[in-house]
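Residue numbers (our numbering): 599 to 905. Cβ atoms here follow ideal geometry from the backbone N, Cα and C, with glycine treated the same way.
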């Protein structure tokens, strides 16, 4: 853990990538404040819109600052995963579950990031491989989830699910979501999956509108491999989306494999508040009657936790 830049030695200037939802006036105003604070801290800045194509190669950056909602944060993770740079999300959206700070805290949050007053939370990602009937293999990854979905509205897909090379069940469905603990509060949650605490290193499997007696959500361990085969007799093919952003076609007869990735996304944390407190805050959950000690989201980290 730690917040100091990993790249370069003493005296070298750092670089921050600012990923922003450029279509919103509020985001542009917040971007100006971020750039001014980075200049004050002698940190160079690169700006990327959340709909711009990914650079190749990804620039070497020390810090990542995101201005927008969860979709913009997922875009920033797409741009910078594997660089090791900590990612700080500042929420300009609605719930903003992946964000660490809110709009009113832009300047103070950037100041803490550049001074090293933060901790690192490594979020698990998953790798996916799609083996098509013609022998071709497509690959992808996701921070939140991969979702296999039908491509024809009026027809289900027929699948057989296996865990660790052992078949588990076959059924017809509208799709299957495989989420990380980070993504348990996103698409998987909407489909009836459980909320999983971020320190649970596993995969959540949620069938969508399945026609089967045994099609409940599953939680797999970190070393398990999930396989989903789209049967030849399926009425139509499917499509796999990674974090709702990257799409892979899945023709009938394909095999989809999902496993834990060795490459995490490094999220910058400014508050030591536990996940329970964040869950209550983001979802507006009722907690009246609780008589224990409250924990605020904006508590400053203890000196031994900072940077």
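query                                                                                                                  : result
Proximal residues to residue 691 (C-beta, below 7 Å), its chain only, five neighbours per side dropped                 : 666, 667 and 668
Residue range of the alpha helix (DSSP H) that includes residue 876                                                    : 873-881
Minimum C-alpha distance to residue 859 - residue among 680, 641 and 877                                               : 680
For residue 785, three-class secondary structure by DSSP                                                               : helix
Spatial neighbours of residue 813 in its chain, beta-carbon cut-off 6 Å, leaving aside the 5 residues before and after : 769 and 805
Residue 862 burial status per 10 Å Cβ neighbour count (16 or more: buried)                                             : buried
Residue 713 burial status per 10 Å Cβ neighbour count (16 or more: buried)                                             : exposed
Beta strand (DSSP E) segments (min. 3 residues) lying fully within the segment 658-693                                 : 661-666 and 685-689
Opposing strand residues paired with residue 743 [DSSP bridges]                                                        : 777
Integer Cβ distance of residue 755 from residue 836, believed to fall under 8 Å                                        : 5 Å
Span separating the alpha-carbon of residue 772 from that of residue 750                                               : 9 Å
Element boundaries [beta strand (DSSP E), containing residue 859]                                                      : Careful: residue 859 lies outside any beta strand (DSSP E) and carries neither H nor E.
Backbone CA spacing between residue 627 and residue 807 [nearest angstrom]                                             : 43 Å
Residue 619 - partner residues in DSSP beta bridges                                                                    : According to DSSP, residue 619 bridges with nothing at all.
Per-residue DSSP class, three states only, for residue 628                                                             : helix
Straight-line gap, residue 738 to residue 726 (C-alpha atoms, nearest Å)                                               : 5 Å
Cutoff 7 Å; reference residue 888; Cβ partners in own chain excluding five residues on either side                     : none
Rounded separation between residue 822 and residue 630 - CA only                                                       : 45 Å
Buried versus exposed call for residue 787 [16 or more other C-beta atoms within 10 Å across all chains shown]         : buried
Buried or exposed (CB count within 10 angstroms, at least 16 for buried), residue 610                                  : exposed
Three-state class that DSSP yields for residue 703 in the structure shown                                              : helix
Contacting residues, own chain, Cβ-Cβ under 6 Å from residue 647 (five flanking each side not counted)                 : 620
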